[in-house]
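Undergrad: Before anything else, here's the structure in question.
In my numbering, the protein residues as written are 128 to 271.
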């Protein structure tokens, strides 16, 4: 697979996206998750890179837990499932690069290298690819 180099206009205010990181996000969007650590604005974020489809499915489940009304819960899950459909459409439009990556079991470390408590082991995070200044394969610390 030949890497696709993505560029952005100098007028849009975003830096270039790393073609290798884009390829990893594309792999994740096909359903293959992997541990990754990213650097964003002086913070380190570590977790499992997942597909956008899984991210939105988990978001729907998260929000549906907040209601006792079964119909509302199913409606919330369906709404977020539909949001995840964009990643199936992206398969049909393979020339389009993703703009975001999604992490499950995300943990955060501040500039002082201290872990910021999240309180939820399934903590989800969505980040703009153009804001990531570096990354490493693998997660920091022990597995959640």
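Glycine included, every Cβ here is placed at the ideal spot set by N, Cα and C.
Among the candidates 236, 245, 184, 244, whose CA atom is the shortest distance from the CA of residue 168?
TA: Ranking 236, 245, 184, 244 by Cα distance to residue 168 puts 236 first.
Undergrad: Who pairs with residue 265 in a beta bridge, going by DSSP?
TA: DSSP, once it has assigned bridges, lists no residue as partnering residue 265.
Undergrad: Would you say the segment 198 to 208 touches the segment 238 to 255, given that touching needs at least three Cβ pairs under 8 Å?
TA: No contact exists between the segment 198 to 208 and the segment 238 to 255.
Undergrad: With distances taken between CB atoms, is the gap from residue 232 to residue 179 smaller than 8 Å?
TA: Going by C-beta atoms, residue 232 is not nearer than 8 Å to residue 179.
Undergrad: State buried or exposed for residue 161, treating a residue as buried only when at least 16 other CB atoms are found within 10 Å of its CB.
TA: Residue 161 comes out exposed.
Undergrad: Which full runs of the beta strand (DSSP E) of 3+ residues lie inside the segment 166 to 230, going along the chain?
TA: The qualifying runs are 170 to 177.
Undergrad: Using a Cβ-Cβ cut-off of 7 Å (strictly less than) and excluding sequence neighbours within five positions of residue 250, which residues of its own chain qualify?
TA: Excluding sequence neighbours, residue 250 sits near 232, 233.
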